[in-house]
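These notes concern the structure reproduced below.
Residue numbers (mature numbering (1 follows the signal peptide of the UniProt record, and there is no 0)): -21 to -1, 1 to 185.
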């Protein structure tokens, strides 16, 4: 049996806890990491102008390589030999074609990152709604009981007992989702790091 003061404290803590903390500018951003909605190539790329290199999608080999090395299924230690092989066979337009590879990597990783950022916002909205529901459940439990202090479980009204069961279940789900959110919040940063590392390796071959 959960005592009433505990119910109130837990409900308030869920609404104000770190899993729902966010910068003032965006109430739906729950991560400690600063929100950057989308990336710019210039944040990691100091090589040739991407527009002058032409469309990366029109260069089959460049597009194929870009998609392969952008994928997180491809370990970073496999990127160097793939880039070396491409550079050796790229011909006189090596720099331009390597630039296309980066353009493709950027588009793939930035697109993936944008989807993750949007998903985090939706996830946080769901968590906020659940936290508010848990707070309402705590208030209903308090209102259902006869007096400000908890009664013996055998004397507790059936409705209060059912509410406590639902409260405990919802709180458990909320906490598990909060732990998952902590890991999800790291994904945009990991994608940024991968993009920066690949950009550095491509530029080293120009």
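The beta carbon of each residue, even a glycine, is placed where N, CA and C say it ideally should be.
None of the values given here were measured: they were computed from a predicted structure.
Reference residue i; option with closest CA among the options
i, options, result
"residue 50", "17, 103, 67 and 171", "171"
"residue 102", "158, 35 and 32", "158"
"residue 187", "142, 24 and 97", "Residue 187 lies beyond the range of the chain shown here (-21 to 185); nothing can be said about it."
"residue 110", "146, 167 and 97", "146"
"residue 162", "43, 149 and 96", "96"
"residue 40", "72, 55 and 54", "72"
"residue 80", "46, 149 and 116", "46"
"residue 92", "5, 164 and 185", "164"
"residue 149", "167, 160 and 106", "106"
"residue 104", "160, 31 and 53", "160"
"residue 98", "30, 31, 167 and 175", "167"
Contacts around residue i, its chain only, beta-carbon distance under 8 angstroms, and the 5 residues preceding and following it disregarded
i, result
"residue -1", "Only weak support exists for where residue -1 lies, its pLDDT of 44 falling under 50; the value from the coordinates is given anyway. Result list for residue -1: 9 and 11, in chain order."
"residue 2", "Note that residue 2 has pLDDT 43, beneath the 50 cutoff, so the model's placement of it is unreliable and the number below is only indicative. Taken in chain order, the residues that qualify are 8, 13 and 14."
"residue 44", "61, 62, 65, 80 and 83"
Under the three-state DSSP convention, the category residue i falls into
i, result
"residue 41", "helix"
"residue 12", "coil"
"residue 54", "coil"
"residue 175", "helix"
"residue 160", "helix"
"residue 184", "coil"
"residue 24", "coil"
"residue 147", "helix"
"residue 49", "helix"
"residue 33", "coil"
"residue 19", "coil"
"residue 6", "coil"
"residue 69", "coil"
Contacting residues, own chain, Cβ-Cβ under 6 angstroms from residue i (five flanking each side not counted)
i, result
"residue 182", "26"
CB-CB length for residue i against residue j, believed under 8 angstroms
i, j, result
"residue 62", "residue 151", "Contact doesn't hold; Cβ gap of about 47 angstroms is too wide."
"residue 225", "residue 153", "Residue numbering for the chain in the displayed model covers -21 to 185; residue 225 lies beyond these limits and cannot be assessed."
Cβ neighbours of residue i in the same chain (closer than 7 angstroms, five flanking residues each side left out)
i, result
"residue 177", "48, 58 and 84"
Any C-beta of chain D under 7 angstroms from that of residue i
i, result
"residue 70", "The chain inventory of the structure shown lacks chain D, comprising one protein chain alone."
Inset, instruction - Please determine if the segment 2 to 21 and the segment 66 to 79 are in contact, where contact requires at least 3 C-beta pairs separated by less than 8 angstroms. - result: no
Inset, instruction - Please confirm if the segment 81 to 90 is in contact with the segment 165 to 183, defined as three or more CB-CB distances below 8 angstroms between the two stretches. - result: yes
Inset, instruction - Could you say if the segment 30 to 38 and the segment 72 to 81 meet the contact criterion of at least three C-beta pairs nearer than 8 angstroms? - result: yes
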